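Have a look at the structure below, then the notes.
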Amino acid sequence: MNILVTGASGFLGLYVVHALLERGYEVVGTYRTPGKDRALLELGVKAAVKMDLLDPSSIKQVVKGVDAVIHLAAYYTFTGKKEMYRKVNVEGTRLLAEAALKSGVDRLIYCSSTEAIGPVDSPPADESTPPNPQFEYGRSKLEAERVIASLGGKGLKYTIIRPSGLYGPGNRDDVSYWFITSFARGGIYSKFLVGKGLTLVQFVHVRDAAQGFLLALEKPDVSIGQTYIVSEDRAYTYSEVYRILSELVGRNPPKYSIPPRLAKTLLTFTEIYDRLRGGENILYRRAIVDAVTKHRAYSIRKAMRELNYYPIHDLKSGLRETIEWYRSTGEIP
Ligand SMILES: NC(=O)c1ccc[n+]([C@@H]2O[C@H](COP(=O)([O-])OP(=O)(O)OC[C@H]3O[C@@H](n4cnc5c(N)ncnc54)[C@H](OP(=O)(O)O)[C@@H]3O)[C@@H](O)[C@H]2O)c1
C-alpha cells in the first residue's frame, strides 16, 4: 500500500512515517522547507516530495498513484496571521482532499487537533461535545474538518484524528517546547503560576499520537467517516505538571501564584517590549493566560473502544525521555 504523508518533515510527521515504515508500508513524504527532505530520506521513504499547500499544482502532483493520504501539513502556530490559517489549513486542505478524491485515493486521514474543540466547561470533552475553539488556529482546524466531512458526501473515505498537545524527543519551537525548556532553564517566569494551578491540561506523547493514525488507517471498517481524540488517557492540573517537571529537572515548582488579570497586565508590557525589539516569545503572551485558565481535558474512550487505542506513555515517563533528549542536544543544562 502506497501512503502519502503530508507534513512528513515535521515533528509528528517523522514519527508517523517511522511507524508506517516499521509496518511495511511504502511511504512518500512531503516537505516544504529546502533541506528538510534529508531526515525523511534517512528514514527510508520511497520519495520525499516538495509540496506547498499554497501551490495547487504541487498538490495535484503529490496525490498521483497514492492509495491513502495522511494529511498532517499545517500552519501550526498560535500566534500566526489570520489569512494564513485560512489559506494553508482550510483552503490547502480543501485542495488536497479534492485532488485526492479526483485521482482515486482510497482513504484520507486528516490530522486535526483538540484545539478544534477548544476549552471545556465540564471536563472531559469527547467527540460529541459542541466545538468552541478559542484561537484562530483551532477555528481553522475545525473548518478544515468540516471541509473534509463535506467531501465525505461525495465519496471521500475520511477519518479525522484530533491529537491533544504533542510532546516528545525532536520537538522544537512550539508551546510545549518553550514550556519545558524555559522551566528547565529556571527563567524568571517559571517562578510564577497563573491562578491556583488547578486548571486541567492534556498531552500526548508523539509516538502514541502516531499510533492513532496507524490504527485509523488499519481499521477502515470502523474508522471511515469517524472522528477520534487521540491523547494520554488523563488530564493533569498545571500544578501536577509543574510537580513532575520539578522532579525531572531538579528545580522548585513555581513559588508565587499570580491572579490571571494581573498576569495579563504584566504581559502587556512584555508584548510591547517584544514588539519593540522585533522578537516574539510565544509563551509570555496574554493569550496564553486565556489558555491556561480554561480546562483542556478530553476523553479517549471512543478511540479505545473502536480502534483499540491504548497510549503507552504517561506524562512523567514521556517527559523524562523528552528532557533527556533536550539535554543531549544541549538545549537545557
Ligand atoms: N504539535 C502539537 O502540539 C499538535 C497538537 C495537535 C495537532 N497538531 C497537528 O499535527 C500536525 C503536525 O504538526 P507538528 O507538531 O508536526 O508541526 P510542525 O513540526 O510545524 O510540522 C508542520 C509540517 O507542515 C509542513 N508545512 C507547513 N506549512 C506548509 C505549507 N504551506 N505547505 C505544505 N506543508 C507545510 C511543514 O513543512 P516543513 O517542515 O518542510 O516546512 C511540516 O512538515 C499539524 O496538522 C498540527 O495542526 C499538532
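Numbering (the working numbering), first residue to last: 265 to 597. Think of the CB as a built atom: it goes at the ideal place given N, C-alpha and C, for glycine as much as any other residue. These numbers come from a predicted model, not from an experiment.
Residue i classed as buried or exposed, judged by whether at least 16 other C-beta atoms fall within 10 angstroms
i	result
THR297	exposed
GLU511	exposed
ASN435	buried
ASP385	exposed
GLU400	buried
ARG591	exposed
PHE533	exposed
GLY594	exposed
Residue i CB to nearest heavy atom of ligand 1 below 7 Å
i	result
THR297	yes
PRO320	no
PRO427	yes
GLY274	yes
LEU317	yes
VAL352	yes
ALA338	yes
ASP385	no
SER495	no
LYS405	yes
LEU430	yes
SER440	yes
LYS558	no
CB contact flag (residue i, residue j, <8 Å)
i	j	result
ASP578	ILE493	no
LEU360	ALA480	no
ASN427	GLY356	A small fix is needed here, since residue 427 is Pro in this sequence, not Asn. Not in contact: PRO427 and GLY356 (Cβ atoms no closer than 8 Å).
GLY277	LEU336	yes
VAL518	TYR500	First, the residue type needs correcting, since residue 518 is Pro and not Val in the sequence shown. Contact flag unset, no.
ILE452	CYS375	no
SER503	PRO388	no
LEU318	VAL354	no
PHE443	LEU547	yes
ILE267	ALA332	yes
THR378	ARG560	yes
VAL468	LEU415	no
PRO575	GLU482	no
THR343	ARG549	yes
VAL281	VAL309	yes
ARG515	PHE447	yes
Any non-hydrogen atom of ligand 3 closer than 7 Å to residue i Cβ
i	result
ASP472	With respect to ligand 3, the structure shown offers nothing to examine, as its ligands consist of ligand 1.
Just checking, does the segment 367-377 make contact with the segment 321-334 on the three C-beta pairs under 8 Å criterion?
-> yes
Are at least three pairs of beta-carbons, each pair with one atom in the segment 580-593 and one in the segment 403-410, less than 8 Å apart?
-> no
With a cut-off of 8 Å, do at least 3 Cβ pairs link the segment 298-314 to the segment 331-350?
-> no
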